[in-house]
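Asker:
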Amino acid sequence: MSTDDVFLRRAIELACANVRSGGRPYGAVVVRGETIAAEGVNELHLRPDPSAHAEMLALRAAAAALGRTRLDDCTVYASGQPCPMCLAALHLAGVPRVVFAYSNADGEPYGFSTAALYRQMALPLSEQQLQIVQGDASVGPENPFALASRRC
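FYI, in UniProt numbering the residues of the sequence shown are 1 to 152.
1) Since L8 and V99 should fall inside the 8 Å C-beta cutoff, what is the C-beta to C-beta distance between them, to a whole number of angstroms?
2) Enumerate, from N- to C-terminal direction, the unbroken beta strand (DSSP E) stretches of 3 or more residues contained entirely within the UniProt domain "CMP/dCMP-type deaminase" (2–125).
3) CA-CA distance, D4 and M56?
4) Indicate the three-state DSSP secondary structure (helix, strand or coil) for L147 in the structure shown.
5) Helix, strand or coil, according to DSSP, for E127 in the structure here?
6) Kindly list the residues whose CB is nearer than 7 Å to the CB of A122, restricted to its own chain and excluding five residues on each side of it in sequence; keep chain order.
7) For V133, which three-state DSSP category applies?
8) Between T35, E142, A115, which lies nearest to A62 when the distance is taken from Cα to Cα?
9) Can you find the residues in the same chain that come closer than 6 Å, C-beta to C-beta, to S126, ignoring five residues on each side of it along the sequence?
10) Under 8 Å, do A28 and A54 count as touching if we go by C-beta distance?
11) For L14, does the count of other Cβ atoms within 10 angstroms reach 16, so buried, or fall short, so exposed?
12) Consider the C-beta atom of L123 and the heavy atoms of the ligand COA; say whether any pair is separated by less than 7 Å.
Following this line, the structure appears as structure tokens:
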């Protein structure tokens, strides 16, 4: 088995164990070099947290274990195709590579697909189902972006 196969198999094992314990079929492994830095499973069944996806929890655990938010030297293995939220978090963490087992098309017959969400988010903001409105920034005391840039 290749290195990718070993870690992808672990992500799938985590997903299957999570299903057996009442959860959803998602597991994720963050690997640095040849070592597992962190693992996660979807925990939506355990807590009222809409972001408790396997990849999100694995990223949080890896960042804590490694003491940094940038995971530029890590690969993430996931049992399923990352949803848009998880994909964005992977980008923000600087993860250079993701390997997943089952696609949205594979999960669709079982009710596990985020393909519609991907399509929705690809639309211009004004056409999305979620009403997204830019408010009047002048109501604030100052521009927090400008404030942050002065601290650099």
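For every residue, glycine included, the Cβ atom is placed at its ideal position computed from N, Cα and C.
Answerer: This is what the structure holds:
1) Along the sequence shown, read from residue 1 onward, the residue named residue 8 stands at position 8. Along the sequence shown, read from residue 1 onward, the residue named residue 99 stands at position 99. The C-beta distance from L8 to V99 rounds to 6 Å, short enough to meet the 8 Å contact threshold.
2) Within the UniProt domain "CMP/dCMP-type deaminase" (2–125), the runs of beta strand (DSSP E) at least 3 residues long that lie entirely inside it are, in chain order, 27–32, 35–41, 74–80, 97–102.
3) As a position in the sequence shown, residue 4 is number 4, starting the count at 1. As a position in the sequence shown, residue 56 is number 56, starting the count at 1. D4 and M56: Cα-Cα distance of roughly 20 Å.
4) Position 147 of the sequence shown holds residue 147. The answer is helix: DSSP assigns L147 an H, G or I state.
5) Here residue 127 refers to the residue found at position 127 of the sequence shown. Per DSSP, reduced to three states, the secondary structure at E127 is helical.
6) Looking up residue 122 in the sequence shown gives position 122. Closer than 7 Å at the Cβ level, and outside the excluded window around A122, lies no residue.
7) Here the question's residue 133 lines up with position 133 in the sequence shown. In the structure shown, the three-state DSSP call for V133 is coil.
8) Residue 62 sits at position 62 when you count from the first residue of the sequence shown. The shortest Cα separation from A62 among T35, E142, A115 belongs to T35.
9) Position 126 of the sequence shown, counted from the first residue, corresponds to residue 126. There are no such residues.
10) For the purposes of this step, residue 28 is taken as residue 28 along the sequence shown, with counting starting at 1. For the purposes of this step, residue 54 is taken as residue 54 along the sequence shown, with counting starting at 1. A distance below 8 Å separates the beta carbons of A28 and A54.
11) Position 14 of the sequence shown, counting from 1, holds the residue named residue 14. Buried.
12) For the ligand COA, the structure offers nothing, since it holds no ligand at all.
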